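The opening position of the sequence shown corresponds to residue 190 in the numbering used here, with each subsequent residue numbered one higher.
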Amino acid sequence: MAHNRKVPIGVLASGSGTNLQAIIDAAESRELDAEIRVVISDVADAYALARSRAKGIPTIAIDRKSFQTKQEFEAAIAAHLNTHGVELVCLAGFMRIIGQTLLGAFPNRMINIHPALLPSFPGLHGQRQAFDYGVKIAGCTVHFVDGKTDHGPIICQAAVEVTEDDTAETLAERILKEEHRIYPAAIQLYAEGRLRIDGRRVRISDKGGL
Ligand code: GRF
């Protein structure tokens, strides 16, 4: 589905960046009308940065320890995102809680992927939390970011069945595959201007503006 407008996005990642890779691949194959303007990491040797460099995407490593306050750290990230003309910020394994400084710079323009069916199992290791709890259906969620962790309005979710021979690891692998499918799809909905936040609900229209 080729559209004219390519939404300029920035990706924040702290780790291996497989979700970032899925976004890169979808944008390359034109399934996703997005242009990744910059990838920012708080971890200098994060593999996410290597993936970006390999594709010629501008990268920035930004060390929390170089800033006295969280506000200054977030203001610096916001400044980099703005310098690169980013409209939508995509968190992809960014292991820091977003504060008001960064959120306020991108209100309703920041999204996250979480490896559990929210509102169940927010926080770290959602897949393992779900597995240990004994759920029969696990999954993942893409949501807008608000002031609370893993809490904002939900854009889309995918369910993954837990099988008898699953371990937390095999389950996490299957959830990750679904993450790679729904994250680019959610960004595409944004790019097409089809998402409207209505309280806790995200309305998805056939067409229309944001
Ligand atoms: C994913 O499980 C994502 O849901 C969570 O952090 C992990 C990042 O993995 N927020 P990757 O760096 O995209 O491989």
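Note that the Cβ used here is the ideal one computed from N, Cα and C, for glycine as well. In this text the structure is predicted, and so the values were computed from the model without any measurement.
(request) Go ahead and label Gly282 buried or exposed: buried means 16 or more other beta carbons lie within 10 angstroms of its beta carbon, across all protein chains shown. (result) buried
(request) Note down the Cα distance separating Val232 from Ala268, rounded to an integer number of angstroms. (result) Rounded to the nearest angstrom, the gap between the Cα atoms of Val232 and Ala268 is 18 Å.
(request) Label Glu358 either buried or exposed according to how many other C-beta atoms from any shown protein chain fall within 10 Å of its C-beta, with 16 as the threshold for buried. (result) exposed
(request) Look at the Cβ atom of Val228, then the Cβ atom of Thr248, and state whether they are nearer than 7 Å. (result) yes
(request) Flag this pair as yes or no: are the beta carbons of Val331 and Ile371 separated by less than 7 Å? (result) yes
(request) Could you spell out the range, first to last residue, of the beta strand (DSSP E) harbouring Glu217? (result) Here Glu217 belongs to no beta strand (DSSP E); instead the alpha helix (DSSP H) covers Thr207 to Glu217.
(request) Work out the CA separation of Leu306 and Ala347 for me, nearest whole Å. (result) 8 Å
(request) Name the two residues that bound the continuous alpha helix (DSSP H) containing Leu270. (result) Lys259 to Thr272
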